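*Asks:* Residue numbers (the numbering used here): 4 to 166. Here it is, the structure, as structure tokens.
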């Protein structure tokens, strides 16, 4: 898991990846994470910024901890809303060129606090912890999550079925 490596190791891994990605015609890198509503969110950087992004992360606001499936927001005692800042740290072990988007590659991102500690609301971290706990019990996980249901109001307004 590249996001748990020390910053210097992540930077070195990014430098090595940059050279190969540039040779493959990659210009940009997309970092993705899934919010608590099950929606995929992304941030992107030019390939030349991959090393910096791997070392320090890319800024993201914590308000997505309380985003709903229709892109509205709620509140929670554990959320600071749009105040504060998180860092998206790309998992360079998972860099994947996007076949349908020439010039781009993708990596999932872990959400960390500004000092580099894991953010309690990071869904990848949570899934990793649950998977590891099950593996200690001799079990394995194969899972997928999909937001599939929507309701349509008579006025034509789309509402998620889970709100």
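C-beta: ideal position from N, C-alpha, C; glycine also. Owing to the predicted nature of the structure, the values given are computational and were not obtained by experimental measurement.
1) State the CB to CB distance for the pair residue 93 and residue 34, rounded to an integer number of angstroms; the pair is presumed to be in contact (CB under 8 Å).
2) From the DSSP secondary-structure annotation, give me the bridge partner or partners of residue 123.
3) Could you spell out where the beta strand (DSSP E) holding residue 78 opens and where it closes?
4) Classify residue 85 as buried or exposed, calling it buried when 16 or more other Cβ atoms lie within 10 Å of its own Cβ.
5) Go ahead and pull the three-state DSSP assignment for residue 44.
6) For residue 9, name the three-state secondary structure that DSSP assigns.
7) Decide if residue 135 is buried, meaning its Cβ has at least 16 other Cβ atoms within 10 Å, or exposed.
8) What's the C-alpha gap between residue 8 and residue 72?
9) In three-state terms, what does DSSP make of residue 144?
10) Between the C-alpha atoms of residue 10 and residue 122, what's the straight-line distance to the nearest angstrom?
11) Candidates 110, 147, 140 and 118: which alpha carbon is nearest residue 44's?
12) Of all the options 77, 23 and 115, which has the alpha carbon lying nearest to the alpha carbon of residue 87?
13) Taking only three categories from DSSP, how would you classify residue 30?
14) With a threshold of 8 Å, are at least 3 pairs of Cβ atoms found where one atom belongs to the stretch 74 to 83 and the other to the stretch 99 to 106?
15) Please give me, in chain order, every unbroken run of the beta strand (DSSP E) with length at least 3 that falls completely inside the stretch 79 to 120.
*Replies:* This is what the structure holds:
1) Their Cβ separation, rounded to whole angstroms, is 5 Å, which keeps residue 93 and residue 34 in contact under 8 Å.
2) DSSP lists no beta-bridge partner residue for residue 123.
3) Boundaries for residue 78: no beta strand (DSSP E) harbours it, and the DSSP string shows neither H nor E there.
4) Per the 10 Å Cβ criterion, exposed.
5) The answer is strand: DSSP assigns residue 44 an E or B state.
6) Residue state, collapsed to three classes: coil.
7) The C-beta of residue 135 has fewer than 16 other C-beta atoms within 10 Å across all chains shown, which makes the residue exposed.
8) The alpha-carbon atoms of residue 8 and residue 72 are separated by roughly 32 Å.
9) In the structure shown, the three-state DSSP call for residue 144 is coil.
10) Cα-Cα distance, rounded: 16 Å.
11) For the set 110, 147, 140 and 118, the Cα lying nearest the Cα of residue 44 is the one of 110.
12) Considering only alpha carbons, the answer is 115.
13) In the three-state reduction of the DSSP assignment, residue 30 falls in the coil class.
14) The stretch 99 to 106 and the stretch 74 to 83 do not touch, with fewer than three beta-carbon pairs separated by less than 8 Å.
15) Counting only runs of 3 or more, we get 89 to 93 and 107 to 116.
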